[in-house]
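Using full-length UniProt numbering, read the sequence shown as starting at 1 and increasing by one per residue.
Just so you know, even glycine gets a beta-carbon here, dropped at the ideal spot from N, CA and C.
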Amino acid sequence: MSKYELKVTSKGSQKHEKLKTALLPYWRERPPTTYSVTFESFGKMMELVNNGYYESLPFTVDGINWTFKIYPNGNSDTTRGLIYLYVKIDDSSITDPPLDVYAEIKFFVYNYGISEYYTYQEVEPVKFDSVEQEWGRWIGLSTASFSTATIDPYKFITDGDKCVFGIDVFVAQRNKSEVFSYDENISNPVFTWSLPNFSTLTLDSYTSDPFSSGDRNWVLKVYPNGDGVGKDNSLSLYLLSESNEKNYVRATLRVLNQIGSDNVEKPVEGWPNAAENGWGYQEFIPLADLQDATKGFVVDDLLEVEVEIMAISKQTPIN
């Protein structure tokens, strides 16, 4: 049989196996990249394991310790004479076994007759967790394939009884995800900020101390003489996320009337409208209204602005 005719058929589920479709075995020249085990004598190894299995030293892949298990004569009474290979998460050096680890597995046996590796690969990644910590299969070879009387292409031993088994373990990157939610039950929804000596403010803008609302931190920002199209004609008022989060917000901004209930308020709703200024208005209230003492917005040279946050969206990362 040529190397291109080598086939394997399913033997069904055995101990620690999962019913998954496998690729047909194939041949390659490149050796395993993860781990290999060389037996100086396949027959002596079989004798020592006594129809059990050989387990390798631990090796590390993606921060996880694994071992390679080789059943040279089946993994049960009904599979005697068949080669089974397994991989196992070794938790001897970690406190808690990793959960939901997906790994692509390839098994190898070196063929000295054609100087290539018999390669058995799974179609889909295999799941390992705290319960299922090992996985393996019959790889389509028999114990008889390791006889000194075997001829090409099944020459898996040389130099008397030497053979090489290998494994590749490629751990899939764990999925990163998030949950998007919209919260209308806001804790501490109202924040009021007082600006004394309003007529003598000289900076272009002033920012409040951070405040917490809806389990998030915010600030208010005021341009006393306006920003953008509001420059020199209006007060500009903005709500900003202190951590620059780009979430959806529904809120009301106010300049409070201190001698009555005729506040000037404007709704904001949506995603932040500018990287710097978040949610707000360049033309929030005319400067003329602030300078008119009868209007009641500036009393004793004190201005009060306020925000009431009604709803916010949240993006919660899940590791």
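Beta-carbon proximity of residue 108 to residue 58, cut-off 9 Å: no
Cβ neighbours of residue 321 in the same chain (closer than 8 Å, five flanking residues each side left out): Given that the chain is displayed from residue 1 to residue 319, the structure contains no residue 321 and the question cannot be resolved.
Cβ neighbour criterion (16 or more within 10 Å) applied to residue 13: Because the pLDDT of residue 13 is 37, which lies under 50, any placement of that residue in the model is unreliable, and the number read from its coordinates should be weighed accordingly. Residue 13 is classed as exposed because its beta carbon has fewer than 16 other beta carbons within 10 Å across all chains shown.
Residue 257 and residue 264 closer than 9 Å at C-beta: yes
Residue from 164, 135 and 271 whose Cα sits closest to the Cα of residue 41: Residue nearest to residue 41 within the set 164, 135 and 271 is 164 (criterion: CA-CA distance).
Distance, residue 37 Cα to residue 50 Cα: 18 Å
Cβ shell of residue 283 (< 8 Å), same chain only, five flanking positions each side left out: 226, 229, 230, 233, 234 and 236
Length of the line joining the Cα atoms of residue 198 and residue 260: 19 Å
Contiguous beta strand (DSSP E) assignments of at least 3 residues, all confined to the segment 121 to 191: 126 to 128, 134 to 142, 163 to 171 and 177 to 183
Closest residue to residue 80 among 105, 52 and 56 (Cα-Cα distance): 52
Backbone secondary structure at residue 243 - three-state DSSP: Looking at residue 243 - three-state DSSP - the assignment turns out to be coil, as it is neither helix nor strand.
Residue 17 versus residue 136 - alpha carbon distance: The predicted model places residue 17 with a pLDDT of 45, which falls under 50 and marks its position as unreliable; any figure quoted below should be read in that light. Computed Cα separation, rounded: 6 Å.
Element boundaries [alpha helix (DSSP H), containing residue 288]: 287 to 291
Distance, residue 205 Cα to residue 304 Cα: Cα to Cα, residue 304 sits roughly 15 Å from residue 205.
Whole-number beta carbon distance between residue 66 and residue 90, since they are thought to touch under 8 Å: 6 Å
Spatially closest choice to residue 85 from 134, 302 and 272, by CA coordinates: 134
Alpha carbon of residue 220 to alpha carbon of residue 271, nearest angstrom: 16 Å
Sub-9 Å separation of residue 122 and residue 106 beta-carbons: yes
Alpha carbon of residue 196 to alpha carbon of residue 210, nearest angstrom: 18 Å
DSSP beta-bridge partners of residue 66: 59 and 89
With 16 other Cβ atoms within 10 Å as the buried cut-off, status of residue 246: Counting Cβ neighbours within 10 Å, residue 246 comes out exposed, since fewer than 16 surround it.
Beta carbon of residue 309 nearer than 9 Å to that of residue 190: yes
Member of 241, 54, 145 and 300 whose CA lies at the smallest distance from the CA of residue 218: Considering only alpha carbons, the answer is 241.
Strand pairing of residue 38, partner residues [DSSP]: 164
Spatial distance of residue 138 from residue 64 (CA atoms): 24 Å
Cβ-based neighbour list, residue 172, same chain, cut-off 6 Å, excluding 5 preceding and 5 following: 102 and 125
Coarse secondary structure for residue 306, derived from DSSP in three states: Three-state result, residue 306: strand.
Helix, strand or coil at residue 261 [DSSP, three-state]: coil
Beta-ladder partner(s) of residue 254, from DSSP: 265 and 306
Neighbour-count burial assignment, residue 255, 16 or more Cβ in a 10 Å radius: Here residue 255 is buried, its C-beta having at least 16 other C-beta atoms within 10 Å.
CA-to-CA distance, residue 192 to residue 224, given in whole angstroms: 16 Å
C-beta contact flag for residue 141 and residue 82 at 9 Å: yes
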